[in-house]
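S.K.: Below are the structure tokens for one structure; questions will follow.
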Amino acid sequence: MAAVHRDHGDHRRADARHQAVCPLRRGAAVSRVRKILTWAALGVFTVAFIYPFVWLLSASFKPRGEVFDHRLIPETFILDNYVKVWQEAPLALWMFNTLLVTVLAAVAVTITSAMVAWGFAYFRFPGRGALFGVVLATMMLPGAVTMIPVFLIWNSLGMVGTLTPLWAQNLFGSAFYIFLLRQFFLGLPREPFEAAKIDGANNWKIFTRIALPLCKPAVVVTLLFEFQAAWTDLMRPLIYLRDSSTFTVPRGLKALLDQFGFGGEWHWEIVMTASVITTIPMIILFFLGQKHFIKGIATTGSKG
């Protein structure tokens with residue numbers, strides 16, 4: 165009898181262990197399935213985003229008749245396009261103009277937006293909330309609404325046909341970047357600033373030596389955003405630039421489209437090659453700043 169009771173006890177314990185292990189196994193299986201689905205979804209999105217650039221890169225090594233054959237590996241692989249594009253267009257000058265405008269625009273909007281954002285975040289003054297609301301309300305205005313008035317202003321100043329209108333507008337800041345940086349400033353503790361003020365630091369020193377270094381990720385995000393926006397901007401160069409010697413890269417690519425569109429026979433291989441050359445700097449810039457970019461997006465989103 166004792167042996168029978170022991171057997172029943174062993175069976176009950178085995179059943180209990182089995183019932184305890186089954187949920188763990190099911191949970192592990194569900195976790196693995198979720199992981200596989202997540203990686204599959206990420207793979208699909210990665211291919212969707214990378215494919216256009218891979219196609220563009222492949223097309224730049226094809227002769228004109230094979231540009232749109234949809235082969236990712238060219239049937240006829242040539243390097244002449246990368247030689248011809250420098251001969252047919254002043255691409256180096258266009259890239260220099262674009263780099264000049266981009267750096268000036270990014271630096272100007274980052275500095276001015278940070279100053280305004282710091283004022284809204286640190287100082288307490290009557291009407292601060294209402295004034296900040298007005299700043300945000302400017303984001304609701306479409307660019308087409310202010311396009312003609314802004315053009316008339318630059319035309320009266322004699323700046324049409326120069327690179328100045330492409331970056332000087334950023335000296336007045338950007339509502340989006342002001343909001344972005346203000347959210348980060350609001351998450352900073354006030355104690356270091358109060359201590360610095362007691363030690364005799366003025367507001368400018370507090371801003372430049374304490375606040376800006378603490379919000380480095382947000383500043384890098386602003387720089388990268390504006391660098392990309394200015395590098396790829398086509399609308400303003402179309403409006404303000406007249407001479408090919410002042411063209412930026414997007415305006416130059418538009419000129420290439422017009423130049424090689426004779427007789428209905430488009431030389432797309434030249435345009436594709438120029439597009440690859442002008443896209444590579446943005447890819448390099450993102451990889452150099454992706455650490456700060458990701459950190460700035462993550463931390464800025466959790467502030468305020």
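In the numbering used here, the protein residues as written are 165 to 468. Glycine residues also receive a C-beta, built at the ideal position from the N, C-alpha and C atoms. Computed from a predicted model, the values in this text were never measured in an experiment.
Could you give the residue range of the alpha helix (DSSP H) that holds Lys-226?
M.R.: Unbroken run through Lys-226: none, as it is neither H nor E.
S.K.: Could you check which residue in Arg-406, Ile-214, Leu-268, His-431 has the C-alpha nearest to that of Thr-326?
M.R.: Residue Arg-406 is the option with its Cα nearest to Thr-326.
S.K.: If distances are taken between C-alpha atoms only, which option among Phe-336, Cys-379, Val-413 comes closest to Ala-394?
M.R.: Among Phe-336, Cys-379, Val-413, the Cα nearest to that of Ala-394 is on Val-413.
S.K.: Considering only the alpha carbon of each residue, which of Thr-442, Met-446, Ile-434 lies closest to Cys-251?
M.R.: Note on residue identity: the sequence assigns Gln, not Cys, to residue 251. Of the listed residues, the one whose Cα sits closest to Gln-251 is Ile-434.
S.K.: Using the Cβ count rule (16 or more neighbours within 10 Å means buried), how would you classify Val-211?
M.R.: Result: exposed.
S.K.: Which same chain residues end up closer than 8 Å to Leu-376 when comparing Cβ atoms and leaving out the 5 residues on each side of it in sequence?
M.R.: Closer than 8 Å at the Cβ level, and outside the excluded window around Leu-376, lie Ala-278, Val-383.
S.K.: Mind checking whether Phe-217 and Phe-241 have CB atoms under 8 Å apart?
M.R.: The answer is no: Cβ separation not under 8 Å.
S.K.: Comparing alpha-carbon positions, which option in Thr-437, Gly-453, Ile-441 lies nearest Ala-223?
M.R.: The option with the nearest alpha carbon to Ala-223 is Thr-437.
S.K.: Just to confirm, are Thr-410 and Asn-319 a CB contact at a threshold of 8 Å?
M.R.: Contact: no.
S.K.: May I have a chain-ordered list of the beta strand (DSSP E) segments no shorter than 3 residues that lie completely inside the segment 299–365?
M.R.: Correct list: empty.
S.K.: Less than 8 Å separating the beta-carbons of Phe-284 and Arg-373?
M.R.: No.
S.K.: Answer yes or no: do Ala-253 and Leu-420 have a C-beta to C-beta separation smaller than 8 Å?
M.R.: Against a cut-off of 8 Å, the Cβ pair of Leu-420 and Ala-253 comes out as a contact.
S.K.: Give me the Cβ distance between Val-298 and Ile-342, rounded to the nearest whole Å; I'm assuming they're in contact under 8 Å.
M.R.: With a Cβ gap of about 11 Å, Val-298 and Ile-342 do not count as contacting.
S.K.: Taking Ala-359 as the reference, give the member of Asp-397, Ile-370, Leu-350 with the closest Cα.
M.R.: Here the closest residue by C-alpha is Ile-370.
S.K.: Please report how far the alpha carbon of Asp-363 lies from the alpha carbon of Phe-357, in whole angstroms.
M.R.: The straight-line gap from Cα to Cα measures roughly 10 Å.
S.K.: At the level of alpha carbons, what is the spacing between Met-392 and Thr-386?
M.R.: The sequence shown places Gln at residue 392, not Met. Between Gln-392 and Thr-386, the C-alpha separation is close to 10 Å.
S.K.: DSSP three-state call for Arg-235: helix, strand or coil?
M.R.: In this structure, Arg-235 counts as coil in the three-state DSSP scheme.
S.K.: Find out if the Cβ-Cβ distance for the pair Trp-331, Leu-268 is shorter than 8 Å.
M.R.: Yes, these two residues count as a Cβ contact at 8 Å.
S.K.: Which residue marks the beginning of the alpha helix (DSSP H) containing Ser-277, and which one marks its end?
M.R.: It spans 255–286 - the alpha helix (DSSP H) in which Ser-277 sits, taken as one unbroken run.
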